[in-house]
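Residue numbers (this note's numbering): 2 to 232.
Ideal placement from N, C-alpha and C gives every residue a C-beta, glycine not left out.
Only one structure is covered here, and it is reproduced in the block below.
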């Protein structure tokens with residue numbers, strides 16, 4: 002296949018406009034698409050976030066933090082809020098909770114508990130996990146930490162990474178959104194992570210942390226860093 006053909010094929014086969022009108026989620030009649038997939042099957046409900054075994058070091062995050070004086074309109078306009086901010090435990094707590102934390106829960110009849118995150122997500126699936134690779138953060142030991150959105154805490158899952166920059170690492174979980182949207186769900190990983198990262202960048206800007214976004218990186222090394230499998 003020529004460069005880009007795979008992406009174009011995926012786009013076509015998972016596009017609503019390509020499906021028979023009015024009968025979504027009837028799958029496209031193509032051998033590359035599962036024909037017997039049952040979406041929204043409550044017997045196969047994905048866990049809303051990772052679950053690590055007990056015994057790992059945990060850092061409880063505060064649920065209150067100093068107020069930010071810079072108006073949101075100033076931050077969104079890209080104007081500097083002033084002197085460089087300090088990266089400490091309350092700043093990290095604010096950044097994580099207001100971008101990826103659980104802000105509301107809801108349960109309908111006998112269905113599993115639904116967790117709603119700070120950032121919008123298609124179907125409320127939030128198909129991602131967030132890690133903090135900490136270096137020199139006041140109140141947080143250097144190392145790789147998984148963000149527990151339910152308990153609003155950091156779980157130590159690895160030693161410090163090379164380098165001296167504190168970094169947020171976001172990974173996608175295809176099944177968490179594919180459970181509802183089948184093959185099309187792969188799109189939502191990128192959309193939903195983009196929404197969450199947009200909030201994280203605005204929050205970091207408002208705290209004068211001068212954030213930078215990296216979308217190209219060594220996948221295998223990053224996967225090993227956060228405990229994922231090597232591609």
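- Checking the DSSP bridge columns, you'll see residue 135 partnered with 144.
- Beta-bridge pairing by DSSP links residue 118 to 103.
- Here residue 31 is not near residue 129, since their CB atoms are 8 Å or more apart.
- In its chain, beyond the 5 residues on either side, 88, 133, 134, 135, 136, 137, 138 have a beta carbon closer than 8 Å to the beta carbon of residue 167.
- Residue 144 has its alpha-carbon roughly 5 Å from the corresponding atom of residue 160.
- The distance from the Cβ of residue 131 to that of residue 148 is about 4 Å, consistent with a contact at the 8 Å cut-off.
- A residue is called buried once 16 or more other Cβ atoms fall within 10 Å of its Cβ, and residue 180 is buried on that count.
- C-alpha of residue 117 to C-alpha of residue 126: approximately 8 Å in a straight line.
- About 19 Å separates the beta carbon of residue 208 from that of residue 60, a gap too long to meet the 8 Å contact definition.
- Its chain contains 47, 126, 128 as the residues whose beta carbon lies nearer than 6 Å to that of residue 177, once the 5 sequence neighbours on both sides are disregarded; these appear in chain order.
- Annotation: residue 159 is outside any alpha helix (DSSP H); the continuous beta strand (DSSP E) that includes it extends over 154-159.
- Contact between the segment 57-76 and the segment 210-225 is absent, with fewer than three C-beta pairs closer than 8 Å.
- Counting of Cβ neighbours within 10 angstroms places residue 206 among the buried residues, the total reaching 16 or more.
- With a beta-carbon spacing of about 34 Å, residue 158 and residue 79 fall beyond the 8 Å limit used to define contacts.
- Nearest Cα to residue 58 within the set 199, 114, 156, 210: 156.
- When the five nearest sequence neighbours on each side are left out, the beta carbons in the same chain lying within less than 8 Å of the beta carbon of residue 190 are those of 128, 129, 173, 174, 175, 178, in order along the chain.
- The residues 103, in chain order, have a CB closer than 6 Å to that of residue 151 in the same chain once the five nearest residues on each side in sequence are set aside.
- The criterion of a C-beta distance shorter than 8 Å is not satisfied by residue 204 and residue 140.
- Only residues of its own chain outside the window of five on either side were considered, and among them 28 have a CB closer than 7 Å to the CB of residue 36, listed in chain order.
- Rounded to whole angstroms, the gap between the alpha carbons of residue 165 and residue 8 is 36 Å.
- Beta-bridge partners of residue 89 (DSSP): 139.
- Between the C-alpha atoms of residue 185 and residue 198 there is a straight-line separation of about 21 Å.
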